[in-house]
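Per the numbering used here, the sequence shown starts with residue 8, numbered consecutively. Take a look at the structure below.
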Amino acid sequence: MKEMKASMDVIRKTAGEMIDQLTEKLEIILEEKQKTELHEKYGILVDALEAAGYRYDYRESEPGHIVLAPDGTHEIAGYLQFESWGDIKDWLEDTIAEGTDVSERVDRAMYPFKYDYTLEEEMFRGNGDRYAIYHVDEDTPGKQH
């Protein structure tokens, strides 16, 4: 009887581990599917949100209540809440108009056709006040190093 009980315990433990692994894989697949669907439907706005330092919160969002979580990279800010994607587009347009440090990134994400070069190409070319870390102007003391 002890052997049968021990055997059943092993079976339960193994089955539990298998269910946990399958659940994790299913959650990953579902999240990837949601991301793909969201990007197909609102691609440019999703890119602009990421440029502004936010991401769509799949767990907290529902129809009529969209929650955006800060990515913690571009700005230290709180969660944003909107009723519709139209409201999000208006907020992104306002962000561009305000001229903040993320305005150009958002503008480039929403209207890439307005720019001849990517932000990285602009930095490499040294146009304006954009310089890449590896960019050193000719005839400067830094060129010697």
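Built from N, CA and C at the ideal position, the CB exists for glycine as well. Predicted, not measured: the structure shown is a model, and the values here were computed from it.
Three or more pairs of CB atoms, one per stretch, sit closer than 8 Å, so the region 84-92 contacts the region 60-76. Pro119 sits in a helix when the DSSP states are folded into three classes.
The straight-line gap separating the alpha-carbon atoms of Asp64 and Glu47 is approximately 16 Å. The beta-carbon distance between Lys96 and Leu56, rounded to whole angstroms, is 10 Å. This is too long to meet the 8 Å contact definition. Ala58 carries a helical assignment under DSSP once its states are collapsed to helix, strand and coil. A distance of 8 Å or more separates the beta carbons of Ala59 and Arg115. A buried status is given to Val109, since no fewer than 16 other beta-carbon atoms sit within 10 Å of its beta-carbon.
Assignment of beta-bridge partners to Glu69 by DSSP yields His72. The beta carbon of Leu45 is closer than 7 Å to those of Val53 and Tyr63 in its chain, skipping five residues each way along the sequence.
If you draw a straight line from the Cα of Gly85 to the Cα of Thr125, it is about 29 Å long.
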